[in-house]
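Residue numbers (full-length UniProt numbering): 1 to 206.
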């Protein structure tokens with residue numbers, strides 16, 4: 001999509017014009033409580049944006065400085081960005097500096113930014129500009145210069161709500177599909193058990 005094809009009142013701009021990308025308050029271990037959420041990239045499932053675990057300071061004491069985030073922030077994993085690790089924070093906490101907290105409200109809905117960061121347009125861009133061979137990452141300046149299609153606020157709400165509903169349906173379908181191999185395994189086991197115990201041929205003879 002290019003600027004000429006954008007709907008009326010949409011703006012083709014840059015992410016850095018919407019948020020102060022890459023800038024975040026910092027905390028060390030002495031600044032947090034035992035119950036503070038400590039988020040690492042390994043806690044986020046690639047592509048699905050599913051939070052795999054929520055670890056507290058008591059189980060994950062840290063030595064390095066962490067980025068701070070608030071409830072409702074978008075948390076973007078800049079390391080190996082092709083893994084597409086982006087989540088919405090459901091609580092406040094701290095995270096590795098490889099995760100960038102983003103908050104543009106009330107001027108732009110964070111959920112809208114969340115879906116933009118997961119869009120093919122953004123992924124294509126970050127894959128082109130990421131640097132590093134073994135552990136590529138999105139640089140701060142490249143993050144600020146990333147393309148961003150800004151919709152009017154009312155449309156942002158509609159898009160965010162609709163995508164949120166569709167996202168939940170996709171995850172539900174995915175979960176059901178993931179259960180199919182186990183169901184087939186149990187079915188095969190049941191058939192084999194019936195066959196070797198004589199129950200299957202007994203059914204055929206009826």
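Using N, Cα and C, we set each Cβ at its ideal position, and we do this for glycine too.
Since the model is a prediction, treat every value here as computed from it, not as a measurement.
Between the beta-carbon of residue i and the beta-carbon of residue j, is there less than 7 angstroms?
i, j, result
"residue 170", "residue 114", "no"
"residue 137", "residue 83", "no"
"residue 116", "residue 122", "yes"
"residue 21", "residue 124", "no"
"residue 32", "residue 57", "yes"
"residue 15", "residue 146", "yes"
"residue 160", "residue 109", "yes"
"residue 90", "residue 37", "no"
"residue 133", "residue 142", "no"
"residue 94", "residue 27", "yes"
"residue 40", "residue 96", "yes"
"residue 13", "residue 163", "no"
"residue 181", "residue 126", "no"
Return the CA-CA distance between residue i and residue j, expressed in angstroms with no decimal places.
i, j, result
"residue 65", "residue 178", "38 angstroms"
"residue 18", "residue 77", "18 angstroms"
"residue 140", "residue 158", "30 angstroms"
"residue 54", "residue 35", "11 angstroms"
For the alpha helix (DSSP H) containing residue i, name the first residue and the last one.
i, result
"residue 112", "110-117"
"residue 120", "120-129"
"residue 143", "140-144"
Looking at the unbroken beta strand (DSSP E) that takes in residue i, where does it start and where does it end?
i, result
"residue 67", "66-69"
"residue 12", "11-14"
"residue 135", "No beta strand (DSSP E) contains residue 135, which DSSP labels as neither H nor E."
"residue 148", "147-150"
"residue 21", "From DSSP, residue 21 is part of no beta strand (DSSP E); its letter is neither H nor E."
What residues match up with residue i in a beta bridge as DSSP calls it?
i, result
"residue 56", "37"
"residue 76", "86 and 100"
"residue 27", "66"
"residue 32", "According to DSSP, residue 32 bridges with nothing at all."
"residue 51", "44"
"residue 93", "37 and 69"
Three or more C-beta pairs below 8 angstroms linking the stretch 6-18 and the stretch 42-50: no
Inspect the CB distances between the stretch 92-102 and the stretch 57-75 and report whether three or more fall short of 8 angstroms. Look at the beta carbons and you see the stretch 92-102 touching the stretch 57-75: at least three pairs across the two are nearer than 8 angstroms.
Three or more C-beta pairs below 8 angstroms linking the stretch 29-47 and the stretch 81-95: These segments touch.
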